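Some notes on the structure that comes next.
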Amino acid sequence: MIGVMLKQFKYIFFVLLLSLFSNFNALAKQLTLSVGEWPPYMGSDLPNNGAIAEVIAEAFADIGYQVSFEFYPWARAMEQAQLGRVDCTGLWLKTDSRESEFYFSEPVLEEKHVFFYNRADKPILDSFEALKLYSYVGLEDFSYGLDLDNIIRAKQINMHRVSNDKQAFGMLLKNRISIYPQEMAVGYYLLRQDFSEQDMKKIAHIEQPFM
Numbered sequence: 004m005i006g007v008m009l010k011q012f013k014y015i016f017f018v019l020l021l022s023l024f025s026n027f028n029a030l031a032k033q034l035t036l037s038v039g040e041w042p043p044y045m046g047s048d049l050p051n052n053g054a055i056a057e058v059i060a061e062a063f064a065d066i067g068y069q070v071s072f073e074f075y076p077w078a079r080a081m082e083q084a085q086l087g088r089v090d091c092t093g094l095w096l097k098t099d100s101r102e103s104e105f106y107f108s109e110p111v112l113e114e115k116h117v118f119f120y121n122r123a124d125k126p127i128l129d130s131f132e133a134l135k136l137y138s139y140v141g142l143e144d145f146s147y148g149l150d151l152d153n154i155i156r157a158k159q160i161n162m163h164r165v166s167n168d169k170q171a172f173g174m175l176l177k178n179r180i181s182i183y184p185q186e187m188a189v190g191y192y193l194l195r196q197d198f199s200e201q202d203m204k205k206i207a208h209i210e211q212p213f214m
């Protein structure tokens, strides 16, 4: 079973195991997993591709498989799996549409997703209606949980999609958007990696997680 439970976090992410249309060979001992950059949990520049990648690799090793990780922008990581070019993909939130295409593993990670904002323009999110007053940026082909996904799909809020976190935080720093939803530890890690200390001081997050 693939599973690591970090009790201080809130929401569960999964590895998607095998496209329903994959040409996966059960006799093969080498599996390829398409993933997105997700530091500090998983990343191409991290030792052993990160702690969560190690957990996944060890879980497969226990049943006799070696895993190689291919890193892509999130949308392309999903596409690689949908086209059957890889055996597995992760980490993804379970949704109805994804369940129609993939088998899901056991939970891999619990996380805490929050709204990041520019300190110069703090949003006041005291009601559902208040959500509609602000502009958002999100990652391409990324799910933000059933509730927020439904609001976005219904066009009740405006979300501009970008391919990576650096673009998203850049828009936030320039006040081109009001809110960037992201996992808290991931968000602050990427801010430390990609932006100056002066820029970091301009960014904060709403304490109450949205999922």
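Counting with our numbering, you get residues 4 to 214 for the letters of the sequence shown.
C-beta atoms are modelled at their ideal positions from N, C-alpha and C, and glycine is treated no differently.
Keep in mind the model is a prediction, meaning the values are calculated, not measured.
Inset, instruction - Tell me whether Y222 is buried or exposed, calling it buried when 16 or more other Cβ atoms sit within 10 Å of its Cβ. - result: Coverage of the chain is limited to positions 4 through 214, which leaves residue 222 absent and any answer about it impossible.
Inset, instruction - Please state whether DSSP places Y106 in a helix, a strand or coil. - result: Correct three-state label for Y106: strand.
Inset, instruction - Check whether the stretch 90 to 98 touches the stretch 171 to 189, counting contact only when three or more Cβ pairs, one atom from each stretch, lie closer than 8 angstroms. - result: No contact exists between the stretch 90 to 98 and the stretch 171 to 189.
Legend entry - Buried versus exposed, by CB contacts within 10 Å (16 or more), Q83: Q83 is classed as buried because its beta carbon has at least 16 other beta carbons within 10 Å across all chains shown.
Inset, instruction - Going by DSSP, name the residue or residues bridged to L142. - result: Per DSSP, V165.
Legend entry - Opening and closing residue of the alpha helix (DSSP H) in which G190 lies: Residues 187 to 197.
Inset, instruction - Can you give me the Cβ contacts of F145 inside the same chain, cut-off strictly under 6 angstroms, excluding the 5 residues immediately before and after it? - result: Same-chain partners within the cutoff: W77.
Legend entry - E52 classed as buried or exposed, judged by whether at least 16 other C-beta atoms fall within 10 angstroms: Contrary to the premise, residue 52 reads as Asn rather than Glu in this sequence. By the 10 Å Cβ count, N52 comes out buried.
Inset, instruction - State the CB to CB distance for the pair L193 and F172, rounded to an integer number of angstroms; the pair is presumed to be in contact (CB under 8 angstroms). - result: Yes, they are in contact, since the Cβ atoms of L193 and F172 sit about 7 angstroms apart, within 8 angstroms.
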